Structure formats: structure tokens, C-alpha cells
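**Student:** Each position in the sequence shown, counted from 1, maps to that position plus 85 in the numbering used here.
So that we are looking at the same thing, I have put the structure below in C-alpha cells.
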Amino acid sequence: MAKKSPSALYPVIVLFLLAAISLADNPIVQTCYTADPAPMVHNGRVYLFTSHDDDEIEDNFYTMRDYYCFSSADMVNWTNHGIVATLKEFKWITVNNGAWAPQCIERDGKFFLYVPIHGKGIGVLVADSPTGPFKDPIGKALINKNGYSDIDPTVFIDDDGQAYLYWGNGALWYVKLNKDMISYSGNVVSVNPKPAGFVEGPWFYKRNNLYYMVYAGMGSGSENIQYATSSSPTG
Numbered sequence: 086m087a088k089k090s091p092s093a094l095y096p097v098i099v100l101f102l103l104a105a106i107s108l109a110d111n112p113i114v115q116t117c118y119t120a121d122p123a124p125m126v127h128n129g130r131v132y133l134f135t136s137h138d139d140d141e142i143e144d145n146f147y148t149m150r151d152y153y154c155f156s157s158a159d160m161v162n163w164t165n166h167g168i169v170a171t172l173k174e175f176k177w178i179t180v181n182n183g184a185w186a187p188q189c190i191e192r193d194g195k196f197f198l199y200v201p202i203h204g205k206g207i208g209v210l211v212a213d214s215p216t217g218p219f220k221d222p223i224g225k226a227l228i229n230k231n232g233y234s235d236i237d238p239t240v241f242i243d244d245d246g247q248a249y250l251y252w253g254n255g256a257l258w259y260v261k262l263n264k265d266m267i268s269y270s271g272n273v274v275s276v277n278p279k280p281a282g283f284v285e286g287p288w289f290y291k292r293n294n295l296y297y298m299v300y301a302g303m304g305s306g307s308e309n310i311q312y313a314t315s316s317s318p319t320g
């Protein structure tokens, strides 16, 4: 067997240490249970909004009452801003569980957090900072048309300034939001036909004049992530 000098091992050791460093912050959330991550970029910093699952069981179900925010300027080092909003901000609901799938968007210096309310529709909170405090500006559901199908809201502002709110479980819906972002014009529209394999969790964006919707899908008997494209924000 050939003898190797210690210097021959240095590159291996360096590569091993670099690999360890690159994985040091994965997962980026390590101190609490989170789900439904929704990123928003603002002023060169990414803010990651998540739902939060308490380490306890309530009525044989997940216990989810609030929303967390984490942020990073380099996608490596993350700041935990803790709880930035809770279901208790919605005085018009009687449940204190089911804080699922939030999404935040900025417009005109305000930050709007859209969240599903278990069995009640979609609520909206507003703040002057992406880390809160978030408050309920309307005192009622923004969307309350379809009950348990009103989950997983996603918001998109087109180049012409028109904002759209999409959501759905099983079915896919949208409305045109007014500029205040806490009301809408026209009717709730059902997307029919909906994208092939659509289940829930829509996420909307635009690139090179093409609109993309990424969503949780079902195909070939298994759950997956799918996407659909359109030349129009309404399909």
C-alpha cells in the first residue's frame, strides 16, 4: 500500500469542513415546528412567513394558532423574528386553531398578510413592517364564500398595478383586489377548467410576460408539485 503524506489529506479535510459549514443552517428553522413557508423579498432581504405547530395535540389535530417570520440578507444566516401575528387578531372568529398557509405582500409601504381562517374564509392583516405587529383592518373575513375551500391564499400584483388574490382546495378561485388590498371589486370567480391535477396551495408569479401558477397537485396516485402557464393572469 502506498504511503500518503499528511499534506495529501488537507484538500479532503478542507472539503469536509466546507460541506459541514454549508449545511450548518439546514434546516434553517430548527427550534420550532413550522410549515407552509411563504417568502417575500423586500429591500434586498428575504422574509419567510410560516405557520407554526405547537408541540401538543388539541382535539386529535394539529395545534396551530400563530405565524412566524424569519429573514435573511444572504440566504445563509437567518434571523428569527418570532411570532408576528396570531389568530386572536381576528375578533370575529370563535376558533383558536387552524392558522395555516400565510402569505405576505408589500404595497405602498404597507405589508398585507393573507391567511385562511378554519371554516370561515380568508382574513387579512396589515402592518407597517414585515415583522409586524399585524392588525385586522376590516374586522371581518375578506373572503367567506366557500367555507373549508377557502384556504392557501396567494397574492400577485401585475405590472399594471392590478392585484389578484387566488386560493382554493379542490377548486381554484380568484378575485381582483382593490388598491387598498383589503377589499375587492366584482365577483369571486371560479377558474374552470382549473389547472390539471390542481389540489391546493397555489403560488403565482410572472416572468417574461408569461404567468405561472405553481401548486400542490395529484398525479399518478401520488402528491407532487405542478405548474401551469397562461398569457393572462386569469387563465
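Think of the CB as a built atom: it goes at the ideal place given N, C-alpha and C, for glycine as much as any other residue.
On a predicted model such as this, the values are computed, not experimentally measured, just so you know.
Give the DSSP-derived three-state secondary structure of residue 210 in the structure shown.
**Tutor:** Taking the sequence shown and counting its residues from 1, the one referred to as residue 210 is at position 125. Residue state, collapsed to three classes: strand.
**Student:** From the DSSP output, which residues share a beta bridge with residue 188?
**Tutor:** Taking the sequence shown and counting its residues from 1, one reaches residue 188 at position 103. Paired residue(s): 199.
**Student:** Let me make sure I understand the geometry here. Which of 313, 314, 140, 284 has the alpha-carbon closest to that of residue 306?
**Tutor:** The residue given as residue 306 occupies position 221 in the sequence shown. It is 284 whose Cα lies nearest to the Cα of residue 306.
**Student:** Looking only at its chain, what residues have a beta carbon closer than 6 angstroms to the beta carbon of residue 99, apart from the 5 residues adjacent to it on each side?
**Tutor:** Residue numbering aside, residue 99 sits at position 14 when the sequence shown is read from its first letter. Unreliable placement is indicated for residue 99, whose pLDDT of 40 sits below 50; the coordinate value is still reported in the next sentence. Cβ neighbours of residue 99 beyond the five flanking positions: none.
**Student:** Would residue 158 be called buried (16 or more neighbouring beta carbons within 10 Å of its own) or exposed?
**Tutor:** Within the sequence shown, the letter at position 73 stands for residue 158. Exposed.
**Student:** Just verifying my parser: in three-state terms, what is the DSSP assignment at residue 230?
**Tutor:** Along the sequence shown, read from residue 1 onward, the residue named residue 230 stands at position 145. Three-state result, residue 230: coil.
**Student:** Report yes or no: do three or more beta-carbon pairs, one from the segment 213 to 221 and one from the segment 230 to 244, lie closer than 8 angstroms?
**Tutor:** no
**Student:** Looking at residue 153: is its Cβ nearer than 9 angstroms to the Cβ of residue 142?
**Tutor:** On the sequence shown, position 68 is the one that residue 153 refers to. On the sequence shown, position 57 is the one that residue 142 refers to. No; because the gap between Cβ atoms is not below 9 angstroms, this pair is not in contact.
**Student:** Can you give the beta carbon distance from residue 241 to residue 187, rounded, assuming they're within the 8 angstroms contact cut?
**Tutor:** Looking up residue 241 in the sequence shown gives position 156. Looking up residue 187 in the sequence shown gives position 102. At roughly 15 angstroms, the Cβ-Cβ gap does not stay under 8 angstroms, so residue 241 and residue 187 are not in contact.
**Student:** At the level of alpha carbons, what is the spacing between residue 301 and residue 308?
**Tutor:** Along the sequence shown, read from residue 1 onward, the residue named residue 301 stands at position 216. Along the sequence shown, read from residue 1 onward, the residue named residue 308 stands at position 223. In a straight line, the C-alpha of residue 301 is about 7 angstroms away from that of residue 308.
**Student:** With DSSP as the reference, label residue 174 as helix, strand or coil.
**Tutor:** Working through the sequence shown from its first residue, we reach residue 174 at position 89. If DSSP states are grouped into helix, strand and coil, residue 174 belongs with the helices.
**Student:** With a cut-off of 8 angstroms on the beta carbons, I'd call residue 246 and residue 282 a contact; round off their distance for me.
**Tutor:** Taking the sequence shown and counting its residues from 1, the one referred to as residue 246 is at position 161. Taking the sequence shown and counting its residues from 1, the one referred to as residue 282 is at position 197. The pair is not a contact, with the Cβ atoms about 31 angstroms apart (cut-off 8 angstroms).
**Student:** Would the segment 217 to 230 count as touching the segment 292 to 299 if we require 3 or more Cβ pairs under 8 angstroms?
**Tutor:** Too few Cβ pairs lie closer than 8 angstroms, so no.
**Student:** Find out if the Cβ-Cβ distance for the pair residue 290, residue 276 is shorter than 9 angstroms.
**Tutor:** The residue given as residue 290 occupies position 205 in the sequence shown. The residue given as residue 276 occupies position 191 in the sequence shown. Contact flag unset, no.
**Student:** Mind checking which residues open and close the beta strand (DSSP E) that includes residue 149?
**Tutor:** In the sequence shown, the residue the question calls residue 149 occupies position 64. Taken as a continuous stretch (DSSP letters only), residue 149 belongs to no beta strand (DSSP E), as it is neither H nor E.
**Student:** Measure the alpha-carbon distance for residue 108 versus residue 114 and round it to whole angstroms.
**Tutor:** Within the sequence shown, numbered from 1, the residue matching residue 108 stands at position 23. Within the sequence shown, numbered from 1, the residue matching residue 114 stands at position 29. At residue 108 the pLDDT is 40, less than 50, meaning the model places this residue with poor confidence; the figure from the coordinates comes in the next sentence. Looking at the two C-alpha atoms, the distance is approximately 13 angstroms.
**Student:** Considering only the alpha carbon of each residue, which of 267, 320, 273, 183 lies closest to residue 192?
**Tutor:** Taking the sequence shown and counting its residues from 1, one reaches residue 192 at position 107. With distances taken between Cα atoms, residue 192 lies closest to 267.
**Student:** Where do the N-terminal and C-terminal ends of the beta strand (DSSP E) with residue 254 fall, by residue?
**Tutor:** Numbered from 1 along the sequence shown, position 169 holds the residue referred to as residue 254. No beta strand (DSSP E) holds residue 254; DSSP gives it neither H nor E.
**Student:** When DSSP builds the beta bridges, which residues end up paired with residue 298?
**Tutor:** As a position in the sequence shown, residue 298 is number 213, starting the count at 1. 289, 313.
**Student:** When the Cα atoms are used, what is the spatial distance from residue 189 to residue 274?
**Tutor:** Residue numbering aside, residue 189 sits at position 104 when the sequence shown is read from its first letter. Residue numbering aside, residue 274 sits at position 189 when the sequence shown is read from its first letter. If I take the Cα positions, the gap works out to 22 angstroms.
**Student:** Which same chain residues end up closer than 6 angstroms to residue 165 when comparing Cβ atoms and leaving out the 5 residues on each side of it in sequence?
**Tutor:** Residue numbering aside, residue 165 sits at position 80 when the sequence shown is read from its first letter. For residue 165, where only same-chain residues beyond five positions count, the Cβ hits under 6 angstroms are 155.
**Student:** Please state the DSSP three-state secondary structure of residue 277.
**Tutor:** On the sequence shown, position 192 is the one that residue 277 refers to. The answer is coil: DSSP assigns residue 277 none of H, G, I, E or B.
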